[in-house]
Amino acid sequence: MLNKYARAFFTRVLTPFAALLLRLGVSPDTVTLIGTGGVVAGALVFYPTGHFFWGTVVITLFVFSDLVDGNMARQLGRSSRWGAFLDSTLDRVADAAVFGGIALWYAGGGDSVLMCGVTIFCLASGQVVSYTKARGEAIGLPVNVNGLVERAERLVITLVLAGLSGFTAFGVPHIGILLPIALWVVALGSIVTLGQRVVTIRREAAEAAEAEGTGTA
Numbered sequence: 001m002l003n004k005y006a007r008a009f010f011t012r013v014l015t016p017f018a019a020l021l022l023r024l025g026v027s028p029d030t031v032t033l034i035g036t037g038g039v040v041a042g043a044l045v046f047y048p049t050g051h052f053f054w055g056t057v058v059i060t061l062f063v064f065s066d067l068v069d070g071n072m073a074r075q076l077g078r079s080s081r082w083g084a085f086l087d088s089t090l091d092r093v094a095d096a097a098v099f100g101g102i103a104l105w106y107a108g109g110g111d112s113v114l115m116c117g118v119t120i121f122c123l124a125s126g127q128v129v130s131y132t133k134a135r136g137e138a139i140g141l142p143v144n145v146n147g148l149v150e151r152a153e154r155l156v157i158t159l160v161l162a163g164l165s166g167f168t169a170f171g172v173p174h175i176g177i178l179l180p181i182a183l184w185v186v187a188l189g190s191i192v193t194l195g196q197r198v199v200t201i202r203r204e205a206a207e208a209a210e211a212e213g214t215g216t217a
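The sequence shown lines up with residues 1 to 217 when you count with our numbering.
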């Protein structure tokens with residue numbers, strides 16, 4: 001849902017900015033690299049020290065580069081395999097930094113082995129969810145499934161509630177509970193999404209094998 005509606009909205013909003021960058025001679029790959037660097041810096045500088053509000057502000061600003069670079073490529077009319085590969089690869093790096101930064105907080109000042117483990121699970125399960133789709137498509141399957149918690153949902157849930165939990169530093173009581181809630185939701189949602197994709201790929205593989213007349217294993 002977020003991919004369908006939010007992405008379309010922000011694409012329209014960011015189109016003029018993308019056009020400006022192109023006129024200035026900035027390439028889509030440069031925007032991708034800068035955006036990822038900003039997310040990684042925001043996550044690993046602010047989150048491990050518990051500064052979730054300001055960390056989320058910095059990360060959110062740079063997350064929009066994921067929409068800007070694609071918009072720039074479309075305006076140039078030269079979407080490439082290399083650009084798609086770079087964008088997808090650096091998305092994984094950014095995700096790892098966000099959850100890695102939160103895990104470092106819980107391993108240090110956050111003082112919660114349980115939540116550190118949940119955060120690491122969110123990191124790992126998110127990577128596996130992405131891999132299942134990429135691997136399914138690599139073997140020629142369409143992987144036609146809208147997962148419950150895909151990358152956009154994982155980021156929005158985590159960043160919004162992490163940012164709100166950061167209001168603890170401004171004296172808002174009890175709001176820090178929102179970050180653990182976000183992590184549990186993402187963890188459970190990732191399990192469901194992984195199951196959805198595995199079931200879909202299994203079905204599509206069986207249908208493809210039947211269509212080819214080879215049967216299934």
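Backbone N, C-alpha and C fix where the C-beta goes; we use that ideal spot for every residue, glycine too.
All figures in this text were calculated on a predicted structure; none of them were measured in a lab.
Run of the alpha helix (DSSP H) containing residue i, from where it starts to where it stops
i	result
Ile181	178-212
Leu161	151-165
DSSP three-state assignment for residue i, whether helix, strand or coil
i	result
Gly121	As written in the sequence, residue 121 is Phe, which differs from the Gly given in the question. Looking at Phe121 - three-state DSSP - the assignment turns out to be helix.
Asp66	helix
Leu33	helix
Val71	Note that residue 71 is Asn in the sequence shown here, rather than Val. Reduced to three states, the DSSP call for Asn71 is helix.
Gly83	helix
Val172	coil
Val13	helix
Residue from the options with nearest C-alpha to residue i
i	options	result
Thr200	Ala208, Val118, Val143, Thr56	Val143
Trp105	Leu61, Tyr47, Ile59	Tyr47
Trp54	Leu164, Ala209, Ala152, Ala8	Leu164
Gly166	Gly110, Ala209, Leu141	Gly110
Cβ shell of residue i (< 6 Å), same chain only, five flanking positions each side left out
i	result
Val192	Leu148
Residue i to residue j span [Cα, whole Å]
i	j	result
Thr168	Gly50	10 Å
Arg202	Leu178	36 Å
Thr32	Pro180	30 Å
Pro16	Val68	10 Å
Gly195	Asp87	25 Å
Arg81	Pro173	48 Å
Thr216	Ala124	With a pLDDT of 48 at Thr216, under the threshold of 50, the modelled position of that residue is not reliable, and the figure given next carries that caveat. Near 30 Å, if we compare the C-alpha coordinates of Ala124 and Thr216.
Near the ligand COA: residue i beta-carbon under 7 Å from a heavy atom
i	result
Ala152	Only the bare structure without any ligand can be found here, which leaves the ligand COA out of the picture.
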